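Counting in my numbering, the sequence shown runs from 549 upward without gaps. Glycine included, C-beta positions come from ideal geometry on N, C-alpha and C. Values in this document were obtained by computation on a predicted structure and should not be read as measured data.
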Amino acid sequence: MNDCIFCKIAARRIPSQNVYEDESAAAFKDLNPQAPVHILIVPKKHISGLDACRREDAALLGHLQLVAAKLAAENGIAGGYRLLTNNGRGAGQSVDHLHYHLLGGRPLAWPPG
Ligand code: DGP
């Protein structure tokens with residue numbers, strides 16, 4: 549999608565601290581990190597959020613989670629990390645391109661705010 553910031557980052561049309569890329573996914577450091585490790589994992593395909601996913605996206609969703617686990621291991625947080633997606637304004641979603649936040653490197657309280 550032309551005016552989507554995460555589509556542009558995933559396509560490397562604007563610079564970012566990219567940490568991973570394959571044919572269907574990309575990952576880059578969050579601009580406003582909330583933990584020592586804060587990586588965003590996105591599909592290259594534009595999907596506005598989890599509510600917009602369909603059955604045919606199931607493999608892609610699983611893939612994104614496996615990429616997150618791999619990045620957690622690579623970043624030394626395999627023993628304690630959080631993977632989450634904010635769906636909708638009520639949950640704080642501010643960018644309408646599906647993304648998982650991978651957070652770790654500090655104690656993570658529960659419940660989140
Ligand atoms: P959310 O609130 O769940 O939609 O998370 C959006 C996140 O995206 C937020 O933590 C800040 C991050 N973000 C927003 N714009 C950019 C950007 O241009 N580059 C990067 N690297 N991160 C961004």
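The beta carbon of G640 sits closer than 6 angstroms to at least one heavy atom of ligand 1. In this structure P584 is in contact with R654, their Cβ atoms being roughly 6 angstroms apart against a cut-off of 8 angstroms.
Residue pairing by DSSP places E569 opposite A574 in a beta bridge. Within the stretch 567 to 648, the complete beta strand (DSSP E) segments at least 3 residues long are 573 to 577, 585 to 591 and 629 to 632, listed from N- to C-terminus. The nearest non-hydrogen atom of ligand 1 is 6 angstroms or more from the C-beta of S596.
If you draw a straight line from the Cα of E604 to the Cα of P581, it comes to about 31 angstroms. A contact between stretches requires three or more CB pairs, one per stretch, nearer than 8 angstroms, and the stretch 595 to 604 fails this requirement with the stretch 616 to 630. In this structure, the beta-carbon distance from A558 to K593 does not fall below 7 angstroms.
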